[in-house]
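Participant:
Residue numbers (our numbering), protein chains in the order written: chain A, 66 to 330; chain B, 83 to 350.
1) If you scan the segment 92 to 174 of chain B from start to end, which runs of the beta strand (DSSP E) of 3 or more residues do you find wholly inside it?
2) Within 10 angstroms of its Cβ, does residue 76/A collect 16 or more other Cβ (buried), or is it exposed?
3) Cβ of residue 270/A less than 9 angstroms from any chain B Cβ?
4) Measure the C-alpha to C-alpha separation of residue 123/B and residue 140/B and round it to an integer number of angstroms.
5) Let me see if you follow: with CB-CB separation under 9 angstroms, is residue 163/A close to chain B or not?
6) Decide yes or no for the touch test of the segment 111 to 126 of chain B against the segment 291 to 305 of chain B: beta carbon pairs closer than 8 angstroms, at least 3 of them.
7) If you draw a straight line from the C-alpha of residue 316/B to the C-alpha of residue 205/A, how long is it?
8) Measuring only the C-alpha atoms, how far is residue 168/A from residue 221/A?
9) Can you find a C-beta in chain A that's less than 9 angstroms from the C-beta of residue 244/B?
10) Cβ atoms of residue 267/A and residue 107/A: under 9 angstroms apart, would you say?
11) Indicate whether at least one CB of chain A lies closer than 9 angstroms to the CB of residue 313/B.
12) Tell me residue 267/A's beta-bridge partners as DSSP assigns them.
13) Tell me whether residue 317/A sits in a helix, a strand or coil according to DSSP, three-state version.
14) Express the C-alpha separation of residue 318/B and residue 304/B in angstroms, rounding to a whole number.
15) For residue 275/A and residue 157/A, what's the separation of their Cα atoms in angstroms?
16) So residue 88/A is in the beta strand (DSSP E); what residue range does that whole segment cover?
17) Taking the continuous beta strand (DSSP E) assigned at residue 291/A, which residues delimit it?
18) Between the C-alpha atoms of residue 340/B and residue 142/B, what's the straight-line distance to the nearest angstrom?
19) If you measure from the beta carbon of residue 254/B to each beta carbon in chain A, is any gap under 9 angstroms?
20) Does the segment 184 to 201 of chain A touch the segment 238 to 250 of chain A, meaning 3 or more C-beta pairs lie closer than 8 angstroms?
21) Answer yes or no: do residue 199/B and residue 284/B have a C-beta to C-beta separation smaller than 9 angstroms?
22) Taking only three categories from DSSP, how would you classify residue 228/A?
23) Taking residue 286/A as the reference, give the member of 86/A, 94/A, 159/A and 146/A with the closest Cα.
24) Using CA coordinates, which residue listed in 102/B, 250/B and 267/B is at the minimum distance from residue 44/A?
25) Residues of chain B with CB closer than 8 angstroms to the CB of residue 227/A, please, in chain order.
26) Suppose you measure from the CA of residue 344/B to the CA of residue 287/B; what does that come to, to the nearest Å?
27) Ordered along the chain, which non-local residues of its own chain (more than five positions away) have a Cβ less than 8 angstroms from that of residue 147/B?
28) Rounded to the nearest angstrom, what separates residue 278/A and residue 237/B at their Cα positions?
29) Quick check: the segment 247 to 255 of chain B against the segment 186 to 193 of chain B, are there 3 or more CB pairs under 8 angstroms?
30) At least one CB of chain B closer than 9 angstroms to the CB of residue 329/A: is that the case?
31) How is the alpha helix (DSSP H) around residue 300/A delimited, first residue to last?
32) Tell me which residues share the same chain as residue 138/B and place their Cβ nearer than 8 angstroms to its Cβ, disregarding the 5 neighbours each side in the sequence.
33) Since residue 159/A meets chain B, which of its residues come closer than 9 angstroms, beta carbon to beta carbon?
34) Quick one: give me the first and last residue of the alpha helix (DSSP H) that residue 111/A is part of.
35) Could you check how far apart the C-beta atoms of residue 159/B and residue 332/B are, in whole angstroms? I think they sit under 8 angstroms.
36) I'd like the list of long-range same chain contacts for residue 184/B, defined as Cβ closer than 6 angstroms, with 5 residues on each side in sequence excluded.
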């Protein structure tokens with residue numbers, strides 16, 4: 066169970082990005098977090114595995130407080146938190162297998178890591194998971210030779226190699242074409258139930274959030290303003306989350322007309 | 083479009099590099115003034131120069147035709163130069179990695195970064211010849227001084243460029259490794275080194291080339307290699323042999339530049 070209480074994150078002396086966030090995720094539920102750019106979605110996710118240092122508040126994963134962990138303890142806690150990134154963040158020059166096994170780096174020794182002598186059980190798990198998502202035949206290919214969807218599958222498998230207690234996905238489909246992004250969402254959904262793993266997904270695509278997740282959390286200006294079932298996520302909720310943000314876009318579309326009158330080509 | 087003829091053709095002049103005319107002409111006057119003063123005050127001994135010119139001509143004519151009779155000496159010298167250059171490149175390139183890691187702001191804590199930068203700056207602040215003089219004084223004449231000199235030179239050069247390369251890596255890979263719970267060293271080996279590898283290989287090739295050239299120069303101050311052979315030939319008024327050495331040096335440098343350029347192009 067993941068429990069976030071009164072989470073605050075402030076960069077420097079500027080206005081806080083997260084202003085006292087509370088969130089509880091239990092069981093193997095798939096939660097999507099929606100919100101405009103800058104609402105604090107990514108910061109929240111990165112506070113959980115401490116890629117970003119929270120300013121104050123508490124984050125508990127299965128009873129362990131994550132906020133004040135240091136050094137080896139922090140690394141041990143991170144092993145249990147898988148993360149999937151928008152830009153995949155694969156080790157481009159290494160093979161797919163090396164990328165997948167990198168998910169075990171928190172478990173193996175330094176010598177095992179640099180000599181690539183991973184325990185046989187890890188290698189077996191890697192093959193099983195790669196077969197599950199359909200990338201096993203790429204094992205010895207370089208990661209940058211794969212297509213976007215395949216690369217994100219590598220990213221997902223790498224995170225699952227950690228045997229995580231929770232999976233964080235930071236806009237996992239934003240760099241993919243619509244069809245591929247549907248496939249990745251479906252994959253995350255079914256993996257969550259197969260492995261009974263709670264998944265938090267930051268997502269811009271509200272339609273996908275409604276289709277593939279059981280719960281939607283809406284953020285705006287660092288505060289949670291919606292938390293409910295996809296069915297309850299109506300026009301009002303959408304307006305509350307994104308409302309007023311489209312306005313500048315409309316203003317921009319009108320400028321070319323005025324610009325032509327001004328004589329600029 | 084109809085060509086129109088304006089009453090007077092409009093003139094255009096490139097705007098001057100320095101807009102202020104006072105500053106512009108002032109700088110010009112100062113430059114000329116300095117040149118006149120410098121040439122006037124430096125001790126040029128014209129008599130000595132006029133005596134020296136025929137001597138220079140004699141040396142050059144003595145160098146023709148180049149004499150390769152003592153090619154064994156030349157081979158020994160070159161063999162030593164190659165050994166110095168290759169060893170120094172290997173050592174320098176290997177040692178430059180930890181220093182580059184220390185000197186990269188994005189992966190090194192501030193005190194380590196400052197230390198790393200200082201080491202690189204110090205090792206780059208002296209020309210190899212000066213460093214070679216120091217090492218010859220410290221460890222005596224011979225190739226060891228040359229190896230130490232060029233190793234230091236390589237650390238400075240490769241370390242600096244590599245540190246800049248590390249500062250420009252794709253940070254996402256580092257984040258991804260951290261998020262799996264990987265430690266600092268493992269993250270370096272998985273997320274950082276693969277990204278700088280092509281650059282490192284290219285720099286090593288370039289450095290080998292550059293060390294070969296520099297090994298001829300540091301030999302002149304006693305740090306072993308072909309430079310020493312050249313110096314001895316001059317000392318014995320063996321101008322034809324010295325000239326032959328110079329020609330071979332040019333040929334070897336051309337060849338190594340060609341090879342390293344080709345290899346670097348293949349890697350990029």
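For glycine and all other residues, C-beta sits at the position ideal for the given N, C-alpha and C.
Facilitator: So, to answer that:
1) none
2) Label assigned to residue 76/A: exposed.
3) no
4) 30 angstroms
5) yes
6) Counting C-beta pairs closer than 8 angstroms gives fewer than three between the segment 111 to 126 of chain B and the segment 291 to 305 of chain B, which falls short of the contact rule.
7) 59 angstroms
8) 10 angstroms
9) no
10) yes
11) no
12) 98/A and 235/A
13) Confidence at residue 317/A is low in this model, with a pLDDT of 40, below 50, so the placement of that residue is unreliable and no value is reported for it.
14) 16 angstroms
15) 33 angstroms
16) 83 to 90
17) 288 to 293
18) 29 angstroms
19) yes
20) Not touching, per the Cβ criterion.
21) no
22) In the three-state reduction of the DSSP assignment, residue 228/A falls in the coil class.
23) 86/A
24) Lying before the first or after the last residue shown, residue 44/A is absent from chain A, which here runs from 66 to 330.
25) Listed by position along chain B, the residues whose Cβ is nearer than 8 angstroms to that of residue 227/A are 262 and 263.
26) 10 angstroms
27) 322
28) 54 angstroms
29) yes
30) Confidence at residue 329/A is low in this model, with a pLDDT of 38, below 50, so its placement is unreliable and the value that follows should be read with caution. With 9 angstroms as the cut-off, residue 329/A does not count as an interface residue toward chain B.
31) 300 to 307
32) Contacts found: none.
33) By Cβ distance, chain B contributes 272 and 276.
34) Looking at the DSSP string, the run of the alpha helix (DSSP H) that includes residue 111/A is 106 to 113.
35) Going by Cβ atoms, the distance from residue 159/B to residue 332/B rounds to 15 angstroms, so no, they are not a contact pair.
36) 190, 194 and 198
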